[in-house]
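If you read the protein sequences in the order shown, they are chains E and V.
Residue 155 is where the first sequence ends in our numbering, and the numbering goes up by one at each step.
Residue 155 is where the second sequence ends in our numbering, and the numbering goes up by one at each step.
Beta carbons are placed, not taken as given, at the ideal position from N, Cα and C, and that holds for glycine.
A quick write-up on the structure given underneath.
There are 2 protein chains.
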Amino acid sequence: METDPTAAPPSLLELTAYLLSRVGKTARGRLAERLAADGLRLFHLAMLAALADFGPHTQRDLARRLGLDPSDLAKAADQLAAAGHLDRTRDPADRRRLTLTLTTAGRTRLAELTAEAEAVQAELLAPLDAAERVQLHALLLRLYGGSGNGN
Amino acid sequence: METDPTAAPPSLLELTAYLLSRVGKTARGRLAERLAADGLRLFHLAMLAALADFGPHTQRDLARRLGLDPSDLAKAADQLAAAGHLDRTRDPADRRRLTLTLTTAGRTRLAELTAEAEAVQAELLAPLDAAERVQLHALLLRLYGGSGNGN
DNA sequence: AATAATCGTGGGTGTGGACCCACTATAGGG
DNA sequence: CCCTATAGTGGGTCCACACCCACGATTATT
Chain E
5 METDPTAAPP SLLELTAYLL SRVGKTARGR LAERLAADGL RLFHLAMLAA
55 LADFGPHTQR DLARRLGLDP SDLAKAADQL AAAGHLDRTR DPADRRRLTL
105 TLTTAGRTRL AELTAEAEAV QAELLAPLDA AERVQLHALL LRLYGGSGNG
155 N
Chain V
5 METDPTAAPP SLLELTAYLL SRVGKTARGR LAERLAADGL RLFHLAMLAA
55 LADFGPHTQR DLARRLGLDP SDLAKAADQL AAAGHLDRTR DPADRRRLTL
105 TLTTAGRTRL AELTAEAEAV QAELLAPLDA AERVQLHALL LRLYGGSGNG
155 N
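Structure below.
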């Protein structure tokens with residue numbers, strides 16, 4: 005095993021930043037892979053979650069909250085609306101605005117997706133026991149809050 | 005602050021997998037950004053590190069170790085060789101093979117890049133104290149080893 | 001020798017992400 | 001009213017990343 009030809013350079017593994025980027029990438033990959041089976045992407049999940057947590061948004065507001073381009077969000081909203089996960093209603097007070105509202109179906113779907121995400125997470129965090137998972141989560145939350153949370 | 009229109013959905017932040025992907029992404033981004041200033045990418049750093057840690061490799065071996073496509077690695081080796089960071093010598097025993105060897109200049113460069121990476125890391129980990137950083141590093145290392153390390 | 005396998009390499013492809021511009025419809029200020 | 005600003009949207013661009021194929025050079029096999 006000293007001569008494992010696929011071992012990564014130890015000097016890189018000493019860099020926490022490298023590990024973060026590496027582990028984060030596989031996490032992202034596994035999540036995306038799972039969602040792709042349903043024809044969805046990560047931001048679809050994020051949109052549903054945001055609507056569930058904060059209630060209806062105009063497209064612009066939702067784009068701002070999630071740090072997405074309004075144009076891209078519009079396309080994603082298209083798909084979610086087509087799938088019946090959300091309603092798009094023209095705001096009568098300002099007819100330029102479209103208000104996105106989660107449907108009951110969307111709420112159900114969100115629950116399913118969250119369950120799938122948790123399944124993926126269980127695989128990823130398999131090497132850790134319950135206490136360590138809590139620890140990791142807390143540390144990551146601090147890092148998330150510490151920089152660029154608004155994006 | 006209850007009504008911060010840019011706050012992320014709490015239900016997502018409860019998912020460690022999501023946090024991992026999010027934090028990992030900014031880590032990757034910051035590292036890449038820093039390296040880009042030198043006209044390099046993450047895998048350039050990985051190549052230099054691997055050569056420093058394990059000594060000379062043929063291109064094929066290095067590609068296997070880093071999980072890169074041989075063709076892509078060849079292109080990257082081009083640039084590193086052009087910059088004088090490594091030597092490409094034809095193996096006299098098997099003239100198909102090119103052996104990549106770190107030059108002294110390459111070793112120096114690697115030290116510089118590592119220092120830059122550590123600077124980035126210091127920013128990223130700013131919210132954590134020394135003990136927490138050690139903790140985080142250990143947890144990530146377990147996760148890294150736990151799945152897909154060979155990639 | 002002749003044939004098969006291997007290394008490096010050039011030149012692709014496909015995908016995803018982030019971004020951006022022009023345009024319509026609508027609203028609001030003077 | 002006219003002019004400016006804003007919401008949404010369609011249609012792009014650009015870049016990174018991963019992958020893959022074909023080919024020349026070389027080596028191994030028989």
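A straight-line Cα-Cα distance of about 47 Å links residue 129/E and residue 99/E. Between residue 114/V and residue 52/V, the CB-CB gap stays under 7 Å.
Judged by DSSP secondary structure, residue 45/V falls outside any alpha helix (DSSP H); it is assigned neither H nor E. Cβ-Cβ distances below 7 Å link residue 31/V to 128 in the same chain, with the five nearest sequence neighbours on each side left out; the list follows chain order. Under the Cβ criterion of 7 Å, residue 10/E is counted among the residues facing chain V. Assigned with DSSP and collapsed to three states, residue 7/E falls in coil, not helix or strand. CA-CA distance, residue 97/V to residue 79/V, rounds to 24 Å. According to the DSSP assignment, residue 100/E belongs to no alpha helix (DSSP H), since it is labelled neither H nor E. When the Cα atoms are used, residue 37/E and residue 19/V turn out to be separated by approximately 16 Å. Between residue 147/V and residue 27/E, the beta carbon gap of about 5 Å places them in contact (Cβ cut-off 8 Å). By the neighbour-count definition (other C-beta atoms within 10 Å, threshold 16), residue 25/E is a buried residue. Taking 7 Å as the CB threshold, residue 131/E lines the interface with chain V. By the C-beta density criterion, residue 59/V is exposed, having fewer than 16 other C-beta atoms within 10 angstroms. Interface with chain E (7 Å Cβ-Cβ cutoff): residue 125/V is included. A Cβ-Cβ contact shorter than 7 Å links residue 63/E with residue 77/E. If you compare the alpha carbons of 10/V, 23/V, 9/V and 8/V with that of residue 122/E, the shortest gap goes to 23/V. Residue-level contact by beta carbon fails for residue 138/E and chain V, as no gap is shorter than 7 Å. Within the model, the alpha-carbon separation for residue 136/E versus residue 94/E is close to 47 Å.
Nearest CB-CB separation between residue 141/E and chain V: below the 7 Å threshold. In chain order, 104 place their CB closer than 6 Å to the CB of residue 61/V, counting only its own chain and leaving out the 5 sequence neighbours on each side. Per the DSSP secondary-structure output, residue 61/V pairs in a beta bridge with 104/V. Here residue 76/E carries a helix assignment [DSSP, helix/strand/coil].
In this model, residue 73/E and residue 111/E are separated by some 24 Å (Cα to Cα). In this structure, DSSP gives residue 82/V a helical state, which the three-state scheme calls helix. Here residue 35/E is actually not in contact with residue 12/V; their C-beta atoms are around 15 Å apart, not less than 8 Å. Relative to residue 44/E, the option among 54/E, 83/E and 133/E whose CA is nearest is 83/E.
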